[in-house]
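Taken in sequence, the protein lines are chains Y and X.
Residue numbers for the first sequence follow our numbering, so the first one is 347 and each next one is one higher.
Residue numbers for the second sequence follow our numbering, so the first one is 347 and each next one is one higher.
All residues carry an ideal CB built from backbone N, CA and C; glycine is no exception.
Here the structure comes first, spelled out in structure tokens, and everything after it is commentary.
2 protein chains.
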Amino acid sequence: MIPKDHPRYKSLILRERLVEGYNMGVTALQGLIAHGRGEMFDYILGEKSHNFALKAERAGVALMLISKRPVISVNGNTAVLVPKELAELSKILNAPLEVNIFHFSKERVCKIKSYLERFGAEVLANCDAELKGIRHARRIVDKRGIYIADTVLVPLEDGDRCEILKKRYGKKVIAIDLNPLSRTAMKADITIVDNVVRAIPNMIKFAKELKKKDRKELVEIVKSYDNRKILAKAIETVRDNLTNKIKNLNLKDPCTF
Amino acid sequence: MIPKDHPRYKSLILRERLVEGYNMGVTALQGLIAHGRGEMFDYILGEKSHNFALKAERAGVALMLISKRPVISVNGNTAVLVPKELAELSKILNAPLEVNIFHFSKERVCKIKSYLERFGAEVLANCDAELKGIRHARRIVDKRGIYIADTVLVPLEDGDRCEILKKRYGKKVIAIDLNPLSRTAMKADITIVDNVVRAIPNMIKFAKELKKKDRKELVEIVKSYDNRKILAKAIETVRDNLTNKIKNLNLKDPCTF
């Protein structure tokens, strides 16, 4: 048991959830290592939703709301980290969830689908269409979902698919990725550099607010959004946080032997 | 099978070893996540032993050699990553290994112990004493080992225990941690920001060299060591390597809506 007052409690609980996910057959072993890599960037970012993240989350929600067929792509990690929240966001945005995984098996797709359905979500997982230009399993999609979507929200994404969705299929891509240097982060239309466990709840709040606005206002939010600036800010923040850590080191007591 | 010419061969082999460790009951699944986080820091550091690491490794060995009762703490990840090397370092330094894990079970402790013994190591794992001030399982130690040690080498450590070992028990702590920002890194007397798979072999080399020196020289090495400078260098290197990555990006292609 992890004591609640452990300074890394939140982070350790997420690890526990992924381990449970693995035991349920929802998360891949590789997903555990991938989570660790994200953890590192979150650590450097101070484990909070910065302004650049909030702006991207708000613009992302606006884009989803003005889209005709928005879809939320879900993999094993996202499914176990924020199942309830994904179901809620999906309902508010009127955007179905679709299971899309890199380490593919029909069995795991079904497990993810039924796990999400427990939280009341509508989940597409027919695996009856293929995206051209991708060789790995992320090409396998649902005819009613990503295949015909105009906008796809992709938390914890594979850079390859992000590029194909955009360039070949002309879809808008909103990515959630803690690594602002990743190919996904670079290729997406809107890049949310934030932990999914904060990003999805933030997006629920923005969705509730923006649903009341008229289309013109939403279009304005999307048009005035500049992803290059947001990315630059995120990368700058990584760099500045590291510089601040160095400055604060000098305040510490020297080690004495 | 991972082809030997794969550009990520070394890194992928380490992952395989951790997965094997999991299948043997030695590594915890949570350990895979922790490894992923370390991997990312190592990636940014260029996967090599920098000068700041070599200096800390040398000072760490010197401190172990002048200590009365040095102990090397081992968890599941370290055990599968460098079992042979830990056994060798332990012998040269005359410092026993002690199993100490966060995700505790008597069974896993025994498995780690017997795995290390296969490589000829002397391993303490009686779990017959408790460190005060820690609520989680890392408090459980061996009466003959960490409990009475004056210096503890802790590869891949928990920040809590590091602090208690130092502040409450007055022990010297040498940490190996790829994250120079971690609480462990900040709290240790000597912080080795390096991958254990390079750090332990480096320390073996230093131990062979320093064993020939007299005590006065070893004390001098330890006294002239400044952990703040070493940490600052490590963080600077992370920052500069990231900054260089940013320079190489081309954030052209504005996103258009």
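Taking the C-beta atoms as reference points, A467/Y is found nearer than 8 Å to A433/Y.
Using a Cβ-Cβ cut-off of 8 Å, R529/Y does not count as an interface residue toward chain X, since no Cβ of chain X sits closer than that to its own. Rounded to the nearest angstrom, the gap between the Cα atoms of R383/Y and M386/X is 5 Å.
Taking a 10 Å sphere around the C-beta of K557/Y, we find fewer than 16 other C-beta atoms and assign the residue as exposed.
Assigned with DSSP and collapsed to three states, L477/X falls in coil, not helix or strand. Comparing alpha carbon positions, the residue from L511/X, K489/X, I538/X closest to L502/X is I538/X. Within the region 386 to 412 of chain X, M386, F387 place their CB atoms closer than 7 Å to a CB of chain Y, listed in sequence order. In this structure P429/X is buried. Its beta-carbon is surrounded by 16 or more other beta-carbon atoms within 10 angstroms. Your pair L375/Y and V365/X checks out as a contact, with CB atoms roughly 6 Å apart and the cut at 8 Å. Taking the Cα positions, L409/X is about 10 Å away from L439/X. Annotation for T537/Y: the continuous beta strand (DSSP E) segment containing it runs 536 to 538. Residue burial is scored here from C-beta neighbours: H449/X has at least 16 other C-beta atoms within 10 angstroms and is therefore classed as buried. Closest by C-alpha distance to G516/Y, out of L477/Y, N541/Y, L435/Y, is L477/Y. The alpha-carbon of I550/X is positioned some 18 Å away from that of D523/X. Contact between the region 458 to 467 of chain Y and the region 572 to 586 of chain Y is absent: fewer than three C-beta pairs spanning the two stretches fall below 8 Å. The beta-carbon of H381/Y is placed less than 8 Å from the nearest beta-carbon of chain X.
Ranking K518/X, K575/X, E393/X, I486/X by CA distance to the CA of I447/X puts I486/X first. Apart from sequence neighbours up to five positions away, the residues of its chain that approach R507/Y with a beta-carbon distance below 6 Å are I480, R484, ordered along the chain.
A straight-line Cα-Cα distance of about 12 Å links E563/Y and R404/Y. For D351/X, not one C-beta of chain Y is nearer than 8 Å to its own C-beta. Each of E431/Y, C456/Y, V417/Y, A521/Y was checked against the Cα of N548/Y, and the nearest Cα belongs to E431/Y.
When only Cα atoms are considered, L443/X and V543/Y end up about 38 Å apart. DSSP places P429/Y within a helical segment (H, G or I) once states are collapsed to three.
In the DSSP secondary-structure assignment, K518/Y is bridged to T497/Y.
Taken through DSSP and simplified to helix, strand or coil, L391/Y comes out as coil.
Neighbours of R361/Y in chain X, taken as residues at a C-beta separation under 7 Å, are given in chain order as Q376, I379. For V568/Y, the enclosing alpha helix (DSSP H) stretches over residues 561 to 569. Restricting attention to G377/Y, K350/Y, P416/Y, K401/Y, the CA atom closest to the CA of N573/Y is found in K401/Y. Distance from the CA of N587/Y to the CA of N590/X, rounded to the nearest whole angstrom, comes to 16 Å.
Using a Cβ-Cβ cut-off of 9 Å, D560/X is close to nothing in chain Y; its nearest Cβ partner there is about 17 Å away. Of the candidates G377/X, T373/X, L411/X, M370/X, L411/X places its Cα closest to the Cα of E566/X.
Under DSSP, I486/Y takes part in a beta bridge, and its partners are E476/Y. Taking E453/X as reference, the option from M370/X, R585/X, H482/X, K513/X with the minimal CA-CA separation is M370/X. Rounded to whole angstroms, K356/X and G392/Y show a C-alpha spacing of 30 Å. Annotation: S528/Y is outside any alpha helix (DSSP H) and is labelled neither H nor E by DSSP.
A straight-line Cα-Cα distance of about 26 Å links K575/X and H381/X.
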